[in-house]
């Protein structure tokens, strides 16, 4: 390591860099944009070599404080900018080159023929009609290969399609392995593997693939080669039809399920298949990547989603069956070595463009061509933010500040990231991104003469001398699942003599209600002979204005399904008889599973099976989401342990939880911060029921646990609320109604017998003032004398000091 005090060219490394800056072919100096990336590589290598010399990797485990201090000293002396060292000179030269490269503009390379029939790119003539035909041919070929070779469905009449408008997706779920494929309301998870395999084995070639329970390795690998051929075609179709083409490293890193370090970036949104790519340079430097959502045309979206539903699970199964571990994991385009590299995309692009355009365009050349065409037929917005892949510096983007954000004393970027952030959007993806890129994708689809969604009519205009401009869509609220909903009410006749009671499936206290001046009180008879709380009526509602709840797609379980769920919850064999601890427990479970009541109070004795009421619904084949509010830490641990032991997808709620689960356990002290998550799950149609365990604590413990009073806010969530307790005397019913906002809303109470047959109560009232402790000690000694061997006695006191006094007196 040396210092530079004289001419820097006297140093061998600097002299070498000077020679490297000469273009030997032209006899000129290299331009900054052609030179700075070379300097960057040298700087990186010098730093790595210096680190290895100062801290050898082979001795890394033995290195301690002295070695680290020596490294920091040498780094400050020779490896930092401004240290008058060789590396300092290299860093300065790199900074100069990057600054000059930022202001550099490429020489003009795109020209349009008169009439806009063709574009000349670097001397290569690209005819627009041929360009559109190339894309259509690729899609046609991919569809034929997919259905005839992979799905063994030659007849077009037998081909199926996925209805994107009815499928549910949630882009905010982060759990590893989750996607729209495993959303139970969609019914896509592994459901079609057996169907696809059956079609394969019934085909002419498929019959030979499996003999006597064994797979023919040669024929199976031939099928997998056809899968890889389709994936190459699919890659080209996705690359060229979504809008401005992404860089190779960006599109090849698309994940269809959440991975360990990255979330997925293929979603269903408002009838589209949306891909989201991340700009890698800003991600590496700032951990804040720029994101670009792209929307696929309907045919390409069908190909991608159908491949993920039908063929990808089968291909994975076949690889495992023949011992081929070339599984790409969560990536769409990957093999045993990981995601495909850009060279494979370049090869595919050159083959397709050379075949249909007569000009071989690699990845970078195709991006130039697509941006040039897009700027002419879509608008200048199509190429906004576009960079050459070899560029060193991201060009500045024209960001228009939002006047609303400026009036609040902040910029648009800060406002989007910090204030009123939508809870249903994935990190780094904003509504502004979607509203900006969706119209660009739609305009690109129109140029390619492809339908954006099923039923769209392609507007084939004559493009002679016509420059199609992008029409920016009006900003609309992002709806991630489902469409318009309607108010759902139900008239539940409970018993032959019971009058019909209007039950609104959601109640929002802030909404206006119109109630008759003199409410009509109705008396409900006992529910099938069991004790139901008196005065279970509600004011007669003549009209109601409220936000309509999202209708759940979950099906009501039949008796057989309920029994299977109970057996699983109790750990019984498949055909074992199902029995209950009491008729009240059976009745409560039936009403809970059927979602009969918007609010239900269940009083069962200690050991009466209250936990079965929320464990069994989570064991249904289509359980939806069950939330259990638990007041004590020990109960949380026990509930989690019981649920996981039965194979239930159970999680304890924390602030960073975004995903849905079959059973979510929540501490009662976290209810306030938990409400947004619960409301979002209900709005998506996932949340089915909320349990409040030990609900009597909202009455008896609110003075020293004030957060329990917030449990009443659960009534604002559009889901059934079930309150469980073993301690609810009759005189406390009115308090519970008032605390949980049940006074003017219908609810049912199922009460079991809570009297303990092995317990007797005795009250001694004739105690002189000031003699309580003395009398208690006397009574305890008398009882201790008659206690049986190894029996115990528990004494409860009002204060800790009294406990200590009694304990000392009794020894």
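In my numbering, the protein residues as written are 1 to 811.
The beta carbon of each residue, even a glycine, is placed where N, CA and C say it ideally should be.
All of these numbers come straight from a predicted model, not from anything done at the bench.
With 16 other Cβ atoms within 10 Å as the buried cut-off, status of residue i
i           : result
residue 2   : exposed
residue 606 : exposed
residue 164 : buried
residue 767 : exposed
residue 695 : buried
residue 41  : exposed
residue 574 : exposed
residue 610 : buried
residue 29  : exposed
residue 429 : buried
residue 442 : buried
residue 243 : buried
residue 352 : buried
For residue i, three-class secondary structure by DSSP
i           : result
residue 363 : helix
residue 792 : coil
residue 254 : coil
residue 758 : coil
residue 15  : helix
residue 722 : strand
residue 275 : strand
residue 185 : coil
residue 865 : There is simply no residue 865 to check, as the chain begins at 1 and stops at 811 in what is shown.
residue 580 : coil
residue 667 : strand
residue 295 : strand
residue 568 : helix
residue 328 : coil
residue 524 : Its pLDDT being 32, under 50, residue 524 is placed unreliably in this model, and the value from its coordinates should be taken loosely. Residue 524 falls in the coil class under three-state DSSP.
residue 322 : coil
residue 338 : strand
residue 85  : strand
residue 23  : strand
Nearest-angstrom Cα separation, counted from residue j out to residue i
i           : j           : result
residue 267 : residue 275 : 6 Å
residue 173 : residue 557 : 26 Å
residue 644 : residue 604 : 24 Å
residue 344 : residue 81  : 39 Å
residue 684 : residue 638 : 29 Å
residue 375 : residue 201 : 49 Å
residue 74  : residue 43  : 16 Å
residue 336 : residue 324 : 9 Å
residue 11  : residue 95  : 20 Å
residue 806 : residue 783 : 14 Å
residue 474 : residue 432 : Confidence in residue 474 is poor, its pLDDT being 34 and thus under 50, which makes the residue's placement unreliable; the coordinate value appears in the next sentence. Each residue's alpha carbon lies about 11 Å from the other.
residue 97  : residue 22  : 14 Å
residue 718 : residue 297 : 35 Å
residue 76  : residue 704 : 58 Å
residue 208 : residue 363 : 40 Å
residue 377 : residue 136 : 18 Å
residue 893 : residue 140 : For the chain, the structure presents residues 1 to 811; residue 893 sits outside this window and is missing.
Given residue i as reference, the closest of the options once Cα atoms are compared
i           : options            : result
residue 666 : 683, 692, 658      : 692
residue 626 : 572, 159, 721      : 721
residue 15  : 89, 68, 69, 70     : 89
residue 370 : 246, 342, 317      : 246
residue 312 : 362, 228, 767, 271 : 228
residue 251 : 333, 697, 77       : 333
residue 619 : 575, 571, 269, 30  : 571
residue 622 : 565, 573, 180, 454 : 565
residue 816 : 32, 25, 79, 67     : There is no way to answer for residue 816, as the model of the chain reaches only from 1 to 811.
residue 646 : 567, 55, 225       : 567
residue 379 : 147, 36, 436, 709  : 436
residue 307 : 339, 270, 160      : 160
Nearest-angstrom Cβ-Cβ length linking residue i and residue j, presumed shorter than 8 Å
i           : j           : result
residue 592 : residue 617 : 6 Å
residue 236 : residue 348 : 5 Å
residue 450 : residue 241 : 7 Å
residue 737 : residue 743 : 5 Å
residue 361 : residue 350 : 7 Å
residue 225 : residue 216 : Incorrect: roughly 14 Å between the Cβ atoms, too far for contact.
residue 699 : residue 739 : 6 Å
residue 193 : residue 314 : 6 Å
residue 126 : residue 138 : Incorrect: roughly 16 Å between the Cβ atoms, too far for contact.
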